[in-house]
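Numbering (my numbering), first residue to last: 139 to 301.
Structure (structure tokens):
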């Protein structure tokens, strides 16, 4: 038997075992995905702060990490994760942020998921300060500010959360 056939057979065996064991993607490394339904919406600002350095002081938050791609895929491999959240700021914090940077109108608005805030998804007046974003770093957060709602919308692809 040739080496190629032996390696092909070994690869197929690994894939078969992984499928039989039931490898699935997880919402966060080490945490299982709830395959039925939407990812859990969290309200803990301290945990969010381990994933994203917020530019303002939060009063309350609603956020989630959701897998992108095939959630219940049977083939082993990485899955990308997107963190998205709404941060309602303490009084006056949105005005302080707005005055302290070059926030430009965001013409497309914010695509705030209804699970996080039904009202903000339809709100106008979102602005963006690209100086807060590090496009080169994987997991770098992006922010939109809505001064009228005193809120930030934040998202990051594959955030690097600290334990």
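Glycine residues also receive a C-beta, built at the ideal position from the N, C-alpha and C atoms.
As the structure is a prediction and not an experimental result, all values here were calculated from the model.
Quick one, which of 299, 249, 266 has its alpha-carbon nearest residue 240's?
Residue 240 sits at position 102 when you count from the first residue of the chain shown. For residue 240, the nearest C-alpha among the options comes from 266.
List in chain order: all unbroken beta strand (DSSP E) runs of 3+ residues lying wholly within the region 206–279.
Runs found: 219–227, 264–266.
Rounded to a whole number of angstroms, what is the C-alpha to C-alpha distance between residue 254 and residue 201?
On the chain shown, residue 254 is found 116 positions in, with the first residue counted as 1. On the chain shown, residue 201 is found 63 positions in, with the first residue counted as 1. The C-alpha of residue 254 lies about 7 Å from the C-alpha of residue 201.
Counting pairs of Cβ atoms below 8 Å between the region 188–198 and the region 255–265, do you hit three or more?
Three or more beta-carbon pairs separated by less than 8 Å are not found between the region 188–198 and the region 255–265, which leaves the two stretches without contact.
Which class does residue 186 belong to by DSSP, given the choice of helix, strand or coil?
As a working mapping, residue 186 is identified with position 48 in the chain shown. Here DSSP, grouped into helix, strand and coil, assigns residue 186 to helix.
Going by other Cβ atoms of all chains shown within 10 Å of its Cβ, with 16 needed for buried, is residue 182 buried or exposed?
Indexing the chain shown from 1 puts residue 182 at position 44. That one is exposed.
Test item: CB-CB of residue 251 and residue 277 under 7 Å:
For the purposes of this step, residue 251 is taken as residue 113 along the chain shown, with counting starting at 1. For the purposes of this step, residue 277 is taken as residue 139 along the chain shown, with counting starting at 1. No, Cβ-Cβ distance for residue 251 and residue 277 is not below 7 Å.
From residue 264 to residue 273, what distance separates their C-alpha atoms?
Position 126 of the chain shown holds residue 264. Position 135 of the chain shown holds residue 273. Cα-Cα distance, rounded: 20 Å.
Do you know offhand how far residue 283's Cα is from residue 289's?
On the chain shown, residue 283 is found 145 positions in, with the first residue counted as 1. On the chain shown, residue 289 is found 151 positions in, with the first residue counted as 1. Whole-angstrom Cα-Cα distance: 6 Å.
Taking Cβ to Cβ, would you say residue 203 is nearer than 7 Å to residue 221?
Locating residue 203 in the chain shown gives position 65, counting from the first residue. Locating residue 221 in the chain shown gives position 83, counting from the first residue. Using a Cβ distance threshold of 7 Å, residue 203 and residue 221 count as a contacting pair.
Hey, how far is the Cα of residue 275 from the Cα of residue 230?
Locating residue 275 in the chain shown gives position 137, counting from the first residue. Locating residue 230 in the chain shown gives position 92, counting from the first residue. Roughly 30 Å between the two C-alpha positions.
Would DSSP call residue 292 helix, strand or coil?
Counting from one through the chain shown, the residue named residue 292 turns up at place 154. Strand.
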